């Protein structure tokens, strides 16, 4: 069991480094107070096709990586 905990810890470290890189690759969003009122958030071509772009892919990878990170940390906690 100690070997499994060590292997999962190494995987967690690698995942955390990859997650940091993915987050740093994302562009900055400076919506500010306009995001609250919905100003400028209409149905544009960009908002409809965001999932097919590089930014959409990075956002999806961030969500998946964050979920994997939390699950893996929980599993390591339960094993150790």
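Numbering (the working numbering), first residue to last: 9 to 88.
Glycine residues also receive a C-beta, built at the ideal position from the N, C-alpha and C atoms.
Every value quoted in this text rests on a predicted model; they were computed, and no experiment measured them.
CA-to-CA distance, residue 10 to residue 37, given in whole angstroms = Start at 1 with the first residue of the chain shown, and residue 37 comes out as number 29. Start at 1 with the first residue of the chain shown, and residue 10 comes out as number 2. Residue 37 and residue 10: Cα-Cα distance of roughly 43 Å.
Touch test, the segment 78-86 against the segment 26-33, Cβ-Cβ under 8 Å, three pairs minimum = no
Enumerate in chain order the residues of its own chain whose CB-to-CB distance from residue 61 is below 7 Å, with the five nearest sequence positions on each side excluded.
-> Here residue 61 refers to the residue found at position 53 of the chain shown. Hits under 7 Å: none found.
For residue 78, which of helix, strand or coil comes out of DSSP?
-> For the purposes of this step, residue 78 is identified with residue 70 of the chain shown, where counting begins at 1. Looking at residue 78 - three-state DSSP - the assignment turns out to be helix.
Got a sec, what are the start and stop residues for the alpha helix (DSSP H) residue 88 sits in?
-> Along the chain shown, read from residue 1 onward, the residue named residue 88 stands at position 80. No alpha helix (DSSP H) contains residue 88, which DSSP labels as neither H nor E.
Any idea what DSSP makes of residue 61, helix, strand or coil?
-> Walking along the chain shown from the start, residue 61 turns up at place 53. Coil, per DSSP.
Three-state secondary structure assigned by DSSP to residue 71 = For this step, residue 71 is matched to residue 63 along the chain shown. Helix.
Leaving out the 5 sequence neighbours to the left and right, which residues in its chain are closer than 7 Å to residue 19 when beta-carbon positions are compared?
-> Here residue 19 corresponds to residue number 11 of the chain shown, with the count starting at 1. Contacts found: 80.
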